[in-house]
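**Q** After the structure tokens below, expect a handful of questions from me.
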Amino acid sequence: MSSLQMPKVDKVVMSKKDKIVSDLKEIINSKNVLHHVDELKPFETDALTAYRKMPLVVVMPESVDEVSRILKYCNENKVKVVPRGAGTGLSGGSLPLEDCVLMAMGKFNKIIEIDYENRCVVTQPCVTNLAITHAVQDKGFYYAPDPSSQIACSIGGNVAENSGGVHSLKYGATTNNLLGIEVVLMDGTITRFGGKAMDAEGYDFLGLMTGSEGLLGVITEVTVKILKSPEVVKAALIGFPTIEDAGNCVAEIIAKGCIPAGCEIMDKALTKATNDYSKAGYPTDAEAIMIIEFDGEEHEVEAYIQKVKEIAEKNNSSSLKVNKTKEERLKFWAGRKAAFPACGVLAPDYMCMDGSIPRGKLAEVLNEITRLSKKYNLPVANAFHAGDGNLHPLIMFDANDKESLRKCEEFGADILKYCVQVGGALTGEHGVGIEKRELMCEAFNDKDIQQQLTIKAALDPNSLLNPGKVYPILRKCAEEGRVHVHGGKTKFPDIPRF
Amino acid sequence: MSMEEKQNSQTSLDFNQNVFKPSSREEIVEIVKNCFRKNIPLEINGLKSKYKIGRNFQSEKTLDLSNYSGIIEYKPEELYIKVKAGTPIKEIVEHLDKNNQQLAFEPNDFGYLFTGESNSGSIGGVVSCNFAGSRRFKVGSVRDHVLGFQGLNGKGETIKSGGTVVKNVTGYDLCKLLSGSFGTLSILTELSIKVLPKPETSKTLVIKNPHLKKALGYLGKSLSSSTDPSGGVFYPDYFGKNFILNDLNHEGGLTALRIEGPANSVDQRIDRLSKELGLLSHEVSILDTEQSKIFWNRTKNLEVFKNLKSNLLRIVAPISETLQIIQKLKSNDVSYFIDWGGSLVWMAFNEINSKILNEIKQIMKKHYGYCTIIKIEEDLKASADIFTIDPIKYKISEKLKRSFDPKRIFNPGKMYTGV
Chain A
0 MSSLQMPKVD KVVMSKKDKI VSDLKEIINS KNVLHHVDEL KPFETDALTA YRKMPLVVVM
60 PESVDEVSRI LKYCNENKVK VVPRGAGTGL SGGSLPLEDC VLMAMGKFNK IIEIDYENRC
120 VVTQPCVTNL AITHAVQDKG FYYAPDPSSQ IACSIGGNVA ENSGGVHSLK YGATTNNLLG
180 IEVVLMDGTI TRFGGKAMDA EGYDFLGLMT GSEGLLGVIT EVTVKILKSP EVVKAALIGF
240 PTIEDAGNCV AEIIAKGCIP AGCEIMDKAL TKATNDYSKA GYPTDAEAIM IIEFDGEEHE
300 VEAYIQKVKE IAEKNNSSSL KVNKTKEERL KFWAGRKAAF PACGVLAPDY MCMDGSIPRG
360 KLAEVLNEIT RLSKKYNLPV ANAFHAGDGN LHPLIMFDAN DKESLRKCEE FGADILKYCV
420 QVGGALTGEH GVGIEKRELM CEAFNDKDIQ QQLTIKAALD PNSLLNPGKV YPILRKCAEE
480 GRVHVHGGKT KFPDIPRF
Chain B
0 MSMEEKQNSQ TSLDFNQNVF KPSSREEIVE IVKNCFRKNI PLEINGLKSK YKIGRNFQSE
60 KTLDLSNYSG IIEYKPEELY IKVKAGTPIK EIVEHLDKNN QQLAFEPNDF GYLFTGESNS
120 GSIGGVVSCN FAGSRRFKVG SVRDHVLGFQ GLNGKGETIK SGGTVVKNVT GYDLCKLLSG
180 SFGTLSILTE LSIKVLPKPE TSKTLVIKNP HLKKALGYLG KSLSSSTDPS GGVFYPDYFG
240 KNFILNDLNH EGGLTALRIE GPANSVDQRI DRLSKELGLL SHEVSILDTE QSKIFWNRTK
300 NLEVFKNLKS NLLRIVAPIS ETLQIIQKLK SNDVSYFIDW GGSLVWMAFN EINSKILNEI
360 KQIMKKHYGY CTIIKIEEDL KASADIFTID PIKYKISEKL KRSFDPKRIF NPGKMYTGV
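In order, the protein sequence lines correspond to chains A and B.
Under numbering that gives the first Met the number 0, the residue at position 475 of the first sequence is numbered 474, and the numbers go up by one with no gaps.
Under numbering that gives the first Met the number 0, the residue at position 113 of the second sequence is numbered 112, and the numbers go up by one with no gaps.
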């Protein structure tokens, strides 16, 4: 992996490590200040494992007051702070800096209030995404955004990254399901943006903080809205003779007014890998398969499935199966969810990209990816959240072969640049972090980036909070932008990724 | 000639005029760059449907964006429309209608309130105010439908954020920050807005009921029902006469719940919702699609407050607090209706003064909500806080204002003094 430039290490801070540790032990319970190398090791990376750095010290605050006092201390002493939730982020957003205080929020792990009357849950930030749904499901409610890592990722991290999931088109990402946060700014100021009431007055700080990747404040409490679980969920598994047919079909379904809860398209390479790996039972003759799911009231879902059948047929579908039982529907998805691990079997390593594209450009982008695959002589398989236009090409390579790695990096950057060119985005849901930082100039010009940096400067004038993330340091379009998986093993092999 | 001057000489704007009405982007850039250089504060307007909302402030010139109008690109299958900021909402709605699509956030039409006739404003104004209609609790606010924008900061530099795709986490989400900023941070020039299919059928279950407490019970239950309503309002007795419709069997107070979707499903869900709420057949009327449309349009247009002579507040709170808030405020001479399934109250005060306003603000704070003054007597407007803000947020707002508009030339003071 290419070396990564990070903000200049502050030698004064490094030399004062002992003093900083003892000061922090005065501020919070000393057992929550970790500084021995063995204690620091688990925090050296997040789920973007290609990059590792030991922090100066790790603090594990237990209250908002402690968070505030630590930040105030660090601000006054010009010490950098990197916030960290569950550490499952794929773009290196919580990669430590060697001269930083890593603020691990793991002790903020309790749900504070379940409020059915106002249909919301108030929770501490390190509660997992899925735990919120678990807490309310017996009353028939759930929390809609469902990133694939929902079993482990924290809700605070979801807010920081504006995490999505397969249901984003219909239900939105985190930002559309968030009512309020409590946040501590770098100078120690504790404040609340939003609350249980909708659309707080004044500037939308809640919207600004969401997806700001830990650069503007540390989240200490989150209020999310919960929804009533749909009565019926139904899915169709459809095969197509060409990618174009699949792309046209999804465009027509949406244009005809059917908004699916989830819609996934896989190309032939990925379908084959998945069939071999998990016996998914996907049609083997199809060039592309689509899983499309609707939820809601029974008659509504039936009406949409019927429409999908007609539209799929018109678009040359070669096979179509609608689930009869819940088990069958889950089996449709099981294959899709096994798609990434399946690629781990095909090659020693794969790199997962995360571009967003207009749905109508799917065939064009996939053709370009095929062309690039030939150019770089590296195989690629493609998974596409077709509902919301989020494309995950998986480039297969061998990290032990430097040339293969270099080619893979170039290939990945070319894909993301192409996504931007056709009107898409550099990242749909993984965030920029350190991973796509140097590609920001593909999406933004200097003035755009400058405007964003002045916002950062307004809230954190010394740039101490999570510096070196999101915004380019090199100001060149480096060959970055992917998630690297070696031997099929991610940092957290038990967390689903799709 | 410097590079900047060369750029500025591309158009032939007369700077002696007090109202600029540019029709090209280049002209807007030139105006802002000049105003930045000469420290000239600008009042920014679209179709002036909401320009009376906000504090009075001093501005030397007016930037009227109504001529900077037009649809740039519409992709029904990609669910977005890209428009110039001055484009009338009416034009956008009519355009989308041809493809059976809509702006799901149903922006309020404030024209009836202020002038007695329809003026749904421009897209730039609607985004800048972020006032969403009855579907708010189901589909989100205006800001949730802004996919991307291009605009100018206070130095006249072009800035942008977002794009045309729904999933995009590249950089800070400035679309959210600028929504509801009342033109104080940036001049929006182009906007990409998410559009959604119009439901095949839309029907409304109207419950004859004059009682506030009962109404809030119906609304609360409905919103937690899997029948998935997309609108929930309560009109007290005195507004009942405003809704004389063929399908409506009674006059007087009513609670109305809208159900949308495929025809068969809508009928089933209305039936089920009636059962869930324990309603008897003589208590209910069902409005068909056409009448339903009339009903919700009247709500969106705040038609019960047409030509309102007195003061109007927009009160937002968690639904659990609404009953107490209304009960406390009812000691004044008020008329009101409830929208957003119980979370939004539009309340007109026959008489208002600083003391009452302060009391209202205290009540709102106690009940975790807020109120925005939409319409108020001119002599009170100068002294009243139209928006409420605490000192911490004021400080942050001030800093953010400076980061976008360092010389404070965009609508200075429209939201808060000094911002």
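Virtual Cβ for every residue (Gly too), placed ideally from N, Cα, C.
Just so you know, these numbers come straight off a predicted model, no measurement behind them.
1) Spatial neighbours of A:Leu226 within its chain, please: C-beta separation below 7 Å, excluding the five flanking residues on both sides.
2) Over the uninterrupted beta strand (DSSP E) stretch that includes A:Thr190, give me the two end residues.
3) Determine the DSSP secondary structure at A:Arg51, reduced to helix, strand or coil.
4) Using only alpha-carbon positions, find the residue among B:Glu72, B:Gln100, B:Asn99, B:Tyr67 that is nearest to B:Pro87.
5) With distances taken Cα to Cα, identify the nearest neighbour of A:Asn461 among A:Val231, A:Asn74, A:Gly92, A:Ala424.
6) Please check the pair A:Val80 and A:Leu464, which I expect to be a contact at CB under 8 Å, by giving their CB distance rounded to whole angstroms.
7) Going by the DSSP bridge assignment, what does B:Trp345 pair with across the sheet?
8) Are the C-beta of B:Asp466 and some C-beta of chain A separated by less than 9 Å?
9) Can you list, in chain order, the residues of its chain with a C-beta nearer than 7 Å to that of B:Ser334? Leave out the 5 residues immediately preceding and following it.
10) Compute the distance between the beta-carbons of B:Val283 and A:Glu428, then report whether it is under 9 Å.
11) How about B:Gly231 and B:Gly341: are their beta carbons less than 9 Å apart?
12) Determine, using beta carbons only, whether A:Val431 comes closer than 9 Å to chain B.
13) Between the alpha carbons of B:Asn118 and A:Asp348, how many angstroms are there, rounded?
14) Using 8 Å as the threshold, is the region 146-162 of chain B in touch with the region 106-113 of chain B, meaning 3 or more CB pairs across them?
15) Grouping DSSP H, G and I as helix and E and B as strand, with all else coil, what is B:Phe56?
16) If we cut at 9 Å on Cβ distances, does A:Val469 have a partner in chain B?
17) With contact counted as at least three CB pairs below 8 Å, one residue from each stretch, are the region 333-340 of chain A and the region 409-425 of chain A in contact?
18) Looking at the unbroken alpha helix (DSSP H) that takes in A:Arg83, where does it start and where does it end?
19) To the nearest whole angstrom, what separates the beta carbons of A:Thr270 and A:Ala285, a pair I think is in contact under 8 Å?
20) Going by the CB atoms, is the gap between B:Tyr234 and B:Asn241 shorter than 9 Å?
21) Count the other C-beta atoms from every protein chain shown that fall within 10 angstroms of the C-beta of B:His366, then say buried if there are 16 or more, exposed otherwise.
22) Decide if B:Ile385 is buried, meaning its Cβ has at least 16 other Cβ atoms within 10 Å, or exposed.
23) In chain order, what residues of the same chain have a beta carbon less than 6 Å from the beta carbon of A:Ala268, not counting five sequence neighbours either side?
24) When the Cα atoms are used, what is the spatial distance from A:Cys407 to A:Met395?
25) Since I believe A:Glu296 is in contact with B:Ser264 (beta carbons under 8 Å), could you give me their beta-carbon distance rounded to a whole number of angstroms?
26) Do we get a CB-CB distance below 9 Å when we pair A:Leu393 with the residues of chain B?
27) Between the alpha carbons of A:Lys16 and A:Asn76, how many angstroms are there, rounded?
28) Using alpha carbons as the reference points, say which of A:Pro378, A:Ile290, A:Val183, A:Pro240 lies closest to A:Asn315.
29) Give every residue of the same chain whose Cβ lies closer than 8 Å to the Cβ of B:Lys305, excluding the five residues on either side of it in the sequence, and list them in chain order.
30) Does any residue of chain B bring its CB to less than 9 Å from the CB of A:Lys475?
31) Would you kindly work out how many angstroms separate the C-alpha atoms of A:Ser1 and B:Ala131, rounded to a whole number?
32) Any heavy atom of the ligand MN closer than 8 Å to the beta-carbon of A:Ser316?
33) With DSSP as the reference, identify every bridge partner of A:Cys152, one or two as the case may be.
34) Touch check for the region 431-443 of chain A and the region 366-381 of chain B: three-plus C-beta pairs under 8 Å?
35) Nearest chain B C-beta to A:Glu75 closer than 9 Å, yes or no?
36) Using the three-state DSSP reduction, which class does A:Lys435 fall into: helix, strand or coil?
**A** Concretely, from the data shown:
1) Taking the first residue of the first sequence as 1, we reach residue 226 of chain A at position 227. Correct list, in chain order: Phe140, Tyr141, Ala143.
2) Here residue 190 of chain A refers to the residue found at position 191 of the first sequence. In this chain, the beta strand (DSSP E) harbouring A:Thr190 covers 189-193.
3) For the purposes of this step, residue 51 of chain A is identified with residue 52 of the first sequence, where counting begins at 1. A:Arg51: coil per DSSP, three-state reduction.
4) Position 88 of the second sequence, counted from the start, is the residue given in the question as residue 87 of chain B. B:Pro87 has its Cα closest to that of B:Tyr67, out of B:Glu72, B:Gln100, B:Asn99, B:Tyr67.
5) For the purposes of this step, residue 461 of chain A is taken as the residue at position 462 of the first sequence. Nearest option by C-alpha distance: A:Asn74.
6) Reading the first sequence from its first residue, position 81 is the one you call residue 80 of chain A. Reading the first sequence from its first residue, position 465 is the one you call residue 464 of chain A. Contact annotation, A:Val80 with A:Leu464: C-beta distance approximately 6 Å; criterion of less than 8 Å satisfied.
7) For the purposes of this step, residue 345 of chain B is taken as the residue at position 346 of the second sequence. Note: B:Trp345 sits in a beta bridge opposite B:Arg313, B:Phe336.
8) Because chain B spans 0 through 418 in this model, residue 466 of chain B falls outside it and cannot be assessed.
9) The residue you call residue 334 of chain B lines up with position 335 of the second sequence. Excluding residues within five positions, the ones whose Cβ falls inside 7 Å are Tyr237, Ala347.
10) Indexing the second sequence from 1 puts residue 283 of chain B at position 284. Indexing the first sequence from 1 puts residue 428 of chain A at position 429. In terms of Cβ geometry, B:Val283 and A:Glu428 do not form a close pair [threshold 9 Å].
11) To locate residue 231 of chain B, count along the second sequence from 1; it is residue 232. To locate residue 341 of chain B, count along the second sequence from 1; it is residue 342. Cβ distance < 9 Å, so B:Gly231 and B:Gly341 count as in contact.
12) By one-based count along the first sequence, residue 431 of chain A stands at place 432. For A:Val431, the answer is yes, since a Cβ of chain B falls inside 9 Å of its Cβ.
13) As a first step, residue 118 of chain B must be located in the second sequence, where it is residue number 119. As a first step, residue 348 of chain A must be located in the first sequence, where it is residue number 349. Each residue's Cα considered, the two are about 59 Å apart.
14) In short, these stretches do not touch, since the Cβ pair count stays below three.
15) On the second sequence, residue 56 of chain B is found 57 positions in, with the first residue counted as 1. B:Phe56 sits in coil when the DSSP states are folded into three classes, being neither helix nor strand.
16) Indexing the first sequence from 1 puts residue 469 of chain A at position 470. Residue-level contact by beta carbon holds for A:Val469 and chain B, with a gap shorter than 9 Å.
17) No, the region 333-340 of chain A is not in contact with the region 409-425 of chain A.
18) As a first step, residue 83 of chain A is located in the first sequence; it is residue number 84 there, counting from the start. That residue, A:Arg83, is in no alpha helix (DSSP H); its beta strand (DSSP E) goes 79-83.
19) Here residue 270 of chain A corresponds to residue number 271 of the first sequence, with the count starting at 1. Here residue 285 of chain A corresponds to residue number 286 of the first sequence, with the count starting at 1. Going by Cβ atoms, the distance from A:Thr270 to A:Ala285 rounds to 7 Å, so yes, they are a contact pair.
20) Here the question's residue 241 of chain B lines up with position 242 in the second sequence. Here the question's residue 234 of chain B lines up with position 235 in the second sequence. Yes, the pair counts as a contact, with Cβ atoms nearer than the cut-off.
21) Counted from its first residue, the second sequence places residue 366 of chain B at position 367. By the 16-neighbour rule on beta-carbons within 10 angstroms, B:His366 is buried.
22) What you label residue 385 of chain B is simply residue 386 of the second sequence in a count that begins at 1. Answer is buried; the Cβ neighbour count reaches 16.
23) For this step, residue 268 of chain A is matched to residue 269 along the first sequence. Contacts found: Ala380.
24) Taking the first residue of the first sequence as position 1, residue 407 of chain A is located at position 408. Taking the first residue of the first sequence as position 1, residue 395 of chain A is located at position 396. Looking at the backbone, the Cα of A:Cys407 and that of A:Met395 are separated by about 8 Å.
25) Sequence index remark: in the second sequence, residue 264 of chain B carries index 265 (1-based). Sequence index remark: in the first sequence, residue 296 of chain A carries index 297 (1-based). Indeed, because the Cβ distance is near 5 Å, the residues count as touching under 8 Å.
26) To locate residue 393 of chain A, count along the first sequence from 1; it is residue 394. Output row for A:Leu393: interface = no.
27) Indexing the first sequence from 1 puts residue 16 of chain A at position 17. Indexing the first sequence from 1 puts residue 76 of chain A at position 77. Spanning the alpha carbons of A:Lys16 and A:Asn76 requires a straight line of approximately 12 Å.
28) In the first sequence, the residue the question calls residue 315 of chain A occupies position 316. It is A:Pro240 whose Cα lies nearest to the Cα of A:Asn315.
29) Here residue 305 of chain B corresponds to residue number 306 of the second sequence, with the count starting at 1. Excluding positions up to five away in sequence, the list reads Tyr111, Leu112, Gly115.
30) The count along the first sequence starts at 1 and reaches residue 475 of chain A at position 476. Note that A:Lys475 has pLDDT 42, beneath the 50 cutoff, so the model's placement of it is unreliable and the number below is only indicative. Chain B, which has no Cβ nearer than 9 Å to the Cβ of A:Lys475, makes this no.
31) The residue given as residue 1 of chain A occupies position 2 in the first sequence. The residue given as residue 131 of chain B occupies position 132 in the second sequence. Note that A:Ser1 scores a pLDDT of 48, beneath 50, so its modelled location is shaky; the value from the coordinates is reported in the next line. Approximately 48 Å, taken between the alpha carbons.
32) Of the ligands one can find in the structure shown there are none, so the ligand MN has no counterpart to examine.
33) For the purposes of this step, residue 152 of chain A is taken as the residue at position 153 of the first sequence. Its beta-bridge partners do not exist; DSSP assigns none.
34) Result no; under three Cβ-Cβ pairs closer than 8 Å.
35) Stepping through the first sequence from its first residue, residue 75 of chain A is reached at position 76. So no, A:Glu75 is outside the interface.
36) If you number the first sequence from 1, residue 435 of chain A lands on position 436. Coil at A:Lys435, not helix or strand.
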